[in-house]
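Take a look at the structure below.
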Amino acid sequence: MKHLDQWITRHQESSGETRYGRARLLAWMLVFSFGVTVPVLMHLLFFSIQDPYRVPYIILVSAVVLVISAAFFLNRHGNYLTAAALFTACAVAGPWASLVFDPGILQGDFLPLAYISLSVLIASILLPLAAAAVLAVVQFAALAVLLFSLPVSHVINLPSFFAFLFFLSGLSVISNLLSRRDMEQINTQHGQLMKLSQKLKEQSIRDHLTGVFNRRYLESALHQEILRASERNISFCVVMLDIDHFKQLNDTQGHAAGDRLLNMLGEYLTSQVRIADVVCRYGGDEFVLLFPGAERKTIEQTAEKIRLGVQLLCNDAGMSGITISLGIAVFPEHGRTKEDLTAAADAALYRAKAGGRNLVMTAEHQEPDRP
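Residues 1 to 371 (my numbering) are what the sequence shown spells out, left to right.
Here it is as structure tokens:
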């Protein structure tokens with residue numbers, strides 16, 4: 001049982017909720033069926049020595065055990081539909097196969113044929129309802145043809161026999177139809193909640209104006225990159241940048257123009273980095289870029305390309321004269337903690353500002369405190 005639960009947990013992680021629920025149900029149905037048929041087989045092998053139909057039924061029950069085992073194996077490896085169809089086929093074939101193995105059925109012992117209702121129940125649970133309905137019609141039509149073609153009406157009450165089978169099968173189909181509708185509604189609501197949760201999570205880590213990640217996400221991402229780089233003994237780069245004379249732009253052209261520039265800068269930065277890189281709005285007009293696994297020289301070239309690209313982009317957008325300054329810090333050369341790396345990048349950015357702006361500066365081994 002422990003191994004079955006472990007497999008169910010792994011299966012849930014790799015499948016959708018609806019398919020996982022059915023696969024789990026099928027797994028337990030197969031385990032239960034196996035637990036029922038194996039004792040029956042043991043009884044036939046060791047205790048029904050005088051039964052004239054012992055050997056045929058041993059063959060039949062052994063075949064059922066093998067099919068159940070195969071269905072469990074298929075279901076465990078993600079082939080739910082195949083396993084469900086195989087298990088249903090086993091439930092269908094069992095009663096009809098008993099006609100071949102046990103001629104006594106045709107002489108009035110109709111109990112094995114009552115298991116037809118069991119196959120309808122299994123189909124209504126595991127297969128699409130249309131398939132279960134077709135199976136039920138075919139099963140009962142074949143049963144009616146068989147029974148009414150035999151002179152057995154004086155042996156059993158055929159109307160009562162059919163009424164029992166129809167009643168049991170009908171209740172099974174109706175109950176499972178209602179259960180499926182409830183499950184579909186639950187799955188729909190669950191999907192909506194998951195989408196809402198994902199949307200809220202996305203909003204919590206995204207800057208509402210630019211669409212890039214916010215400072216909260218930066219703290220987490222920077223921590224993870226430090227751990228990863230420390231474990232693998234690799235470097236990564238932190239680039240801090242801001243817009244030169246941004247306050248002057250807001251004062252002369254209004255905050256709407258400033259918001260437009262920030263949004264445009266966020267889109268441009270995102271387009272210039274790799275999928276694994278991270279673009280964050282640090283605050284105000286400051287942005288921070290993380291470049292996992294990147295070397296210092298490569299990022300210095302990338303930063304220079306971004307600086308020139310922003311200048312050209314602003315000129316094309318009618319904001320001539322707008323430039324940015326950038327500061328670069330490298331792990332572990334300029335720091336091994338979040339605080340040290342951001343301080344080193346900020347100090348390098350300040351040197352770019354002090355050096356005349358519109359520059360790229362790389363941190364020194366020991367940056368002086370920012371006045």
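We put the beta carbon where it would ideally sit given N, CA and C, even for glycine.
Can you tell me which of 290, 195 and 263 puts its alpha carbon nearest to the alpha carbon of residue 229? In this structure, 290 is the residue among 290, 195 and 263 with its C-alpha nearest to the C-alpha of residue 229.
If you draw a straight line from the C-alpha of residue 329 to the C-alpha of residue 70, how long is it? 59 Å
Beta-carbon separation (whole angstroms), residue 66 vs residue 58, contact threshold 8 Å: Their Cβ separation, rounded to whole angstroms, is 13 Å, which puts residue 66 and residue 58 out of contact at 8 Å.
Between the C-alpha atoms of residue 34 and residue 270, what's the straight-line distance to the nearest angstrom? 57 Å
Residue 58, DSSP secondary structure in three states: The three-state secondary structure of residue 58, taken from DSSP, is helix.
May I ask you to report which of helix, strand or coil DSSP gives residue 374? Outside the modelled stretch of the chain, which goes from 1 to 371, sits residue 374, for which no answer is possible.
Does the Cβ of residue 95 lie closer than 7 Å to at least one heavy atom of the ligand FAD? Absence of the ligand FAD is noted for the structure shown, with no ligands found whatsoever.
Report yes or no: do three or more beta-carbon pairs, one from the segment 325-342 and one from the segment 214-234, lie closer than 8 Å? yes
Since residue 75 and residue 27 are thought to touch, with beta carbons under 8 Å apart, how far apart are those beta carbons, to the nearest angstrom? 6 Å
Using 8 Å as the threshold, is the C-beta distance between residue 360 and residue 295 below it? no
Taking the alpha carbon of residue 224 as the reference point, which residue from 298, 206 and 336 has its own alpha carbon closest? 336
Chain-order list of residues whose beta-carbon lies under 6 Å from that of residue 196 (same chain, five-residue window excluded): none
Which residues does DSSP list as the beta-bridge partners of residue 292? 236
Would you kindly work out how many angstroms separate the C-alpha atoms of residue 278 and residue 86, rounded to a whole number? 49 Å
Nearest by alpha-carbon distance to residue 211: which of 198, 219 and 267 is it? Ranking 198, 219 and 267 by CA distance to the CA of residue 211 puts 267 first.
Short Cβ contact (8 Å threshold) for residue 285 with residue 262: yes
Nearest-angstrom Cα distance between residue 90 and residue 55? 19 Å
Which residues share a DSSP beta bridge with residue 286? 242 and 283
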